[in-house]
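These notes are about the structure you will find just below.
There are 2 protein chains.
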Amino acid sequence: MSYSDDTVRLLEAAGATEGSMVVLETGGRSYRGRLMPHHEFSGPDIVILKMKSGYNVGIKVDSGSKLKVEESPAEPAHREADVEPKKGLPTISLIGTGGTIASYVDYRTGAVHPALSTSDMVNAVPEIRDIANIRAKVLFSIFSENMGPEHWKGMAECIRDEIASGADAVIIPHGTDTMGYTAAALSFMLQGISKPVVLVGAQRSSDRPSSDASTNLMACARFCTEAKKAGVFVIMHDTSGDDSFAVHLGTRVRKMHTSRRDAFRSINATPVAHIDAKGKIDMLSDARDVSDEPVIARTDMEDGVLLLQYFPGMDPETFRPLIMGSKGVVFAGSGLGHVNSSFVPMLREACAKGVVVAMTSQCLNGRVNMNVYDTGRDLLAAGVVPLLDMLPETAYIKLRWVLANTSSPEEGRTMMATPLAGEMGDRREF
Amino acid sequence: MSYSDDTVRLLEAAGATEGSMVVLETGGRSYRGRLMPHHEFSGPDIVILKMKSGYNVGIKVDSGSKLKVEESPAEPAHREADVEPKKGLPTISLIGTGGTIASYVDYRTGAVHPALSTSDMVNAVPEIRDIANIRAKVLFSIFSENMGPEHWKGMAECIRDEIASGADAVIIPHGTDTMGYTAAALSFMLQGISKPVVLVGAQRSSDRPSSDASTNLMACARFCTEAKKAGVFVIMHDTSGDDSFAVHLGTRVRKMHTSRRDAFRSINATPVAHIDAKGKIDMLSDARDVSDEPVIARTDMEDGVLLLQYFPGMDPETFRPLIMGSKGVVFAGSGLGHVNSSFVPMLREACAKGVVVAMTSQCLNGRVNMNVYDTGRDLLAAGVVPLLDMLPETAYIKLRWVLANTSSPEEGRTMMATPLAGEMGDRREF
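Going down the list, the sequences are from chains A and B. Quick note, in the working numbering, the first sequence goes up one by one and the last residue is 430. Quick note, in the working numbering, the second sequence goes up one by one and the last residue is 1430.
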């Protein structure tokens, strides 16, 4: 939907273009703000202004409305092309994959550009160049709900190559929807990685007031250059404010809110570190020190692995073809790790056939313990592998990776029950 | 596994039986506690004592161990049979269904009885008889992972009958694993119910120190007799201590920890009320007043409804037979309500065929908003119903109920998007 003819006339008569600072008088009120691009969902007579507060307000105009331009849009910022590397600074490779964080706002005009250039991202946070030389590239430009195994493989190989060619750290801006799954996938593919690999997203698109894109990115750069810790991490806001960031281990993090800036939470683990507004890093739990070991990327992922949440009334016969036809199934069972006992015979059959069936809890917090009640014991006897405090999503990723890297279901079961990347069991806290 | 012959001899020589207070000297240490029943998972030479702290300790005995009985087990408590109702007190119907809360501990001997008599439960909390006349019955005695639609139907009919025959409130002790699902089912089956219906469980089995079974039950009785609020609620501990309880709305509650006593949390809603250690009730959000309206139980539930969590790498073709063969599907999508865009054509086909497809978020917290990104808009255009802030589990239950109570998929979609039992949208807070 575009502007109505009347609205176009109102804007043109005043000489208002996107980014103009305008005063709009309508319905007995006066509004002052920057003219924002027309939104495809706003009505034909709605003009959107970015107010001084930073909020965008949609205002209905009519034949009585008056518009005056106070200030023309600022010229677009100079975009640096290639920046000369500074001697003595560490090198961070920034690998763009898409998502909200990759949308670009011109802060002078308020206009949003869906530009996905990672250079643009760096230019929005110029102070990042004071602490690191940035090598920026775009690997993908996709919404994170469309991420899958082929993208994880691409990222892992790109990270390996960037580190092999001298990067001291890698930052991957990523859509938040599936960032937890990608973090887990990279954690298994890049086990024992010797440098920091940080996934980062934004919960607020860059046209919203105080978008978290820039602050999150700067926190990543600080952690990458100062903490000297190796591993796959997710860094996002720790509170709904601007002044606090959490560093999560890639196998322990889950998106726990659709929209809050502090949506990402470490589950069953203390975050690896906390970063305050001044960039001060507090280590909270165990992480390996950086080293110069070469990076090995084992990127194979088995197909035919399922993640299923148990629910009352779930019919074993309905799910039989899927489960019997799969290589492996992770259940998010109820409570301590249960499913309806009517599933036991079929799961026994599946395990005997070589399907690896593993159990996590849909409670998310706490540990699976299948020794407490009869159903749990029956499932254990059937061959179901209990996964302690592993997240269902991490377990699904791990099972795909394990089955691609083992030669028998028995070996697969053993590896599922063995911590490989901090994904299960107690972690050392400081 | 049972005791070894040597251990049996040690116990018999001392005259120790279950519940005896004993002093055991072994390995240079001395232990004093009540002899607990032998656990099937403890070794043949392990003796379990309940210490003064309340904790059970397993102690390995050998040929050098010495055992002395200090005190014989106490006589079992007198179990009251029928208690004469007291005039002027409200009547609470207690309907047992099984679960941890229904396991009985004899506090004098420390022995655990898997007795499921609701009278036993009441007798463990004698002060409950000071505030209400209790009518206790056992409806089922099953683990909650085995609960399903037939049990929800049985409970709803029993509640209706109990209230019709004079009960002022109903308390349902229930296993915690699927208590949230049952609470949602009863909320839709008993819409507009005029009395309090409270589900309650225990996270610690009664043989553990300070089991929450009794304290939870007493909090329920207080809420039922004092708050004068109608609806389906879950009452459990609000903290890991003993002194605080939360009253949750049946459609907004989820088990969020495998073992903590405060595992049940209201999601996207303030709890209905808080109850402190002294039984003081603070109303925190909206609930209807009790009345004498008759209870209508609409207990039909459609079969062939699925709850599916989206995960990266989920293959639409693998799930096609299930989805196309179903009456309805609730997705726990990623983020604001997304699945991989490769699902769009199949979901469009399913919707056109009359399958009701609804979207919630696996983030659990926050609202689905499918207008923000392309994939969401494509899903809306395909006919997928966005469910705002409804829990995936509640949405699954609601969809089963809605499809059994509507005559067309279109009507079903409309009802899914309409709040029926406080399950979606903002609730009034006090």
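Yeah, the Cβ is synthetic: ideal placement off N, Cα and C, and Gly gets one too.
Taking the straight line between their C-alpha atoms, what separation do you get for residue i and residue j?
{"i": "residue 1134 (chain B)", "j": "residue 1267 (chain B)", "result": "32 Å"}
{"i": "residue 1223 (chain B)", "j": "residue 1254 (chain B)", "result": "20 Å"}
{"i": "residue 1008 (chain B)", "j": "residue 1070 (chain B)", "result": "18 Å"}
{"i": "residue 1113 (chain B)", "j": "residue 1046 (chain B)", "result": "With a pLDDT of only 48 at residue 1113 (chain B), under 50, the local geometry of the prediction cannot be trusted, and the value read off the model is given with reservation. The straight-line gap from Cα to Cα measures roughly 21 Å."}
{"i": "residue 1367 (chain B)", "j": "residue 1392 (chain B)", "result": "11 Å"}
{"i": "residue 217 (chain A)", "j": "residue 1422 (chain B)", "result": "40 Å"}
{"i": "residue 1087 (chain B)", "j": "residue 1129 (chain B)", "result": "12 Å"}
{"i": "residue 1064 (chain B)", "j": "residue 1058 (chain B)", "result": "17 Å"}
{"i": "residue 203 (chain A)", "j": "residue 256 (chain A)", "result": "12 Å"}
{"i": "residue 181 (chain A)", "j": "residue 1248 (chain B)", "result": "31 Å"}
{"i": "residue 1289 (chain B)", "j": "residue 1297 (chain B)", "result": "19 Å"}
{"i": "residue 1304 (chain B)", "j": "residue 1358 (chain B)", "result": "14 Å"}
{"i": "residue 175 (chain A)", "j": "residue 4 (chain A)", "result": "34 Å"}
{"i": "residue 68 (chain A)", "j": "residue 52 (chain A)", "result": "17 Å"}
{"i": "residue 1430 (chain B)", "j": "residue 350 (chain A)", "result": "52 Å"}
{"i": "residue 16 (chain A)", "j": "residue 62 (chain A)", "result": "16 Å"}
{"i": "residue 1154 (chain B)", "j": "residue 1026 (chain B)", "result": "53 Å"}
{"i": "residue 346 (chain A)", "j": "residue 1363 (chain B)", "result": "30 Å"}
{"i": "residue 1426 (chain B)", "j": "residue 1388 (chain B)", "result": "10 Å"}
{"i": "residue 1308 (chain B)", "j": "residue 1226 (chain B)", "result": "40 Å"}
{"i": "residue 221 (chain A)", "j": "residue 72 (chain A)", "result": "35 Å"}
{"i": "residue 1283 (chain B)", "j": "residue 1125 (chain B)", "result": "25 Å"}
{"i": "residue 1081 (chain B)", "j": "residue 1138 (chain B)", "result": "Note that residue 1081 (chain B) scores a pLDDT of 49, beneath 50, so its modelled location is shaky and nothing firm can be said."}
{"i": "residue 213 (chain A)", "j": "residue 32 (chain A)", "result": "26 Å"}
{"i": "residue 1352 (chain B)", "j": "residue 1324 (chain B)", "result": "10 Å"}
{"i": "residue 1011 (chain B)", "j": "residue 424 (chain A)", "result": "40 Å"}
{"i": "residue 319 (chain A)", "j": "residue 150 (chain A)", "result": "27 Å"}
{"i": "residue 293 (chain A)", "j": "residue 1373 (chain B)", "result": "41 Å"}
{"i": "residue 1312 (chain B)", "j": "residue 184 (chain A)", "result": "12 Å"}
{"i": "residue 1035 (chain B)", "j": "residue 1002 (chain B)", "result": "15 Å"}
{"i": "residue 370 (chain A)", "j": "residue 1140 (chain B)", "result": "23 Å"}
{"i": "residue 262 (chain A)", "j": "residue 215 (chain A)", "result": "13 Å"}
Could you work out which residues of chain A lie near residue i, taking near to mean beta carbons separated by less than 8 Å?
{"i": "residue 1149 (chain B)", "result": "312 and 313"}
{"i": "residue 1375 (chain B)", "result": "143, 145 and 146"}
{"i": "residue 1321 (chain B)", "result": "321"}
So which residues of chain B does residue i contact, with C-beta pairs closer than 7 Å?
{"i": "residue 341 (chain A)", "result": "1146"}
{"i": "residue 177 (chain A)", "result": "1334, 1335 and 1338"}
{"i": "residue 361 (chain A)", "result": "1258"}
{"i": "residue 263 (chain A)", "result": "1363"}
If we call anything under 8 Å between Cβ atoms a contact, is residue i one with residue j?
{"i": "residue 1191 (chain B)", "j": "residue 1420 (chain B)", "result": "yes"}
{"i": "residue 1409 (chain B)", "j": "residue 1356 (chain B)", "result": "yes"}
{"i": "residue 1412 (chain B)", "j": "residue 1418 (chain B)", "result": "no"}
{"i": "residue 97 (chain A)", "j": "residue 193 (chain A)", "result": "no"}
{"i": "residue 18 (chain A)", "j": "residue 44 (chain A)", "result": "no"}
{"i": "residue 295 (chain A)", "j": "residue 397 (chain A)", "result": "no"}
{"i": "residue 258 (chain A)", "j": "residue 1380 (chain B)", "result": "no"}
{"i": "residue 306 (chain A)", "j": "residue 326 (chain A)", "result": "yes"}
{"i": "residue 1321 (chain B)", "j": "residue 316 (chain A)", "result": "no"}
{"i": "residue 361 (chain A)", "j": "residue 332 (chain A)", "result": "yes"}
{"i": "residue 1201 (chain B)", "j": "residue 1236 (chain B)", "result": "yes"}
{"i": "residue 196 (chain A)", "j": "residue 231 (chain A)", "result": "yes"}
{"i": "residue 1401 (chain B)", "j": "residue 1188 (chain B)", "result": "yes"}
Tell me, to the nearest whole angstrom, how far the beta carbon of residue i is from that of residue j; I am working on the premise that it is less than 8 Å.
{"i": "residue 199 (chain A)", "j": "residue 152 (chain A)", "result": "The Cβ separation is near 11 Å, so there is no contact."}
{"i": "residue 179 (chain A)", "j": "residue 122 (chain A)", "result": "That belief does not hold up - the Cβ atoms of residue 179 (chain A) and residue 122 (chain A) are roughly 20 Å apart, past 8 Å."}
{"i": "residue 414 (chain A)", "j": "residue 251 (chain A)", "result": "Contact flag wrong, Cβ pair sits at about 18 Å."}
{"i": "residue 156 (chain A)", "j": "residue 299 (chain A)", "result": "5 Å"}
{"i": "residue 260 (chain A)", "j": "residue 240 (chain A)", "result": "6 Å"}
{"i": "residue 1023 (chain B)", "j": "residue 1030 (chain B)", "result": "6 Å"}
Cβ of residue i versus every heavy atom of the ligand GDP: is any distance shorter than 7 Å?
{"i": "residue 1035 (chain B)", "result": "This structure lacks the ligand GDP; in fact it carries no ligand of any kind."}
Can you name the residues of chain A whose CB is closer than 7 Å to the CB of residue i?
{"i": "residue 1192 (chain B)", "result": "Simply none; closest approach about 24 Å."}
{"i": "residue 1356 (chain B)", "result": "Ordered by position in chain A, no residue passes the 7 Å Cβ test against residue 1356 (chain B), which lies about 16 Å from the chain."}
{"i": "residue 1318 (chain B)", "result": "322"}
In chain A, what lies closer than 9 Å to residue i by C-beta?
{"i": "residue 1368 (chain B)", "result": "258"}
Would the region 161-181 of chain A and the region 87-96 of chain A be scored as touching if the rule is three or more Cβ pairs under 8 Å?
yes
Below 8 Å, can you find three or more Cβ-Cβ pairs linking the region 138-146 of chain A to the region 1328-1342 of chain B?
yes
Is the region 1267-1283 of chain B touching the region 1229-1247 of chain B in the sense that three or more CB pairs, one from each, lie closer than 8 Å?
yes
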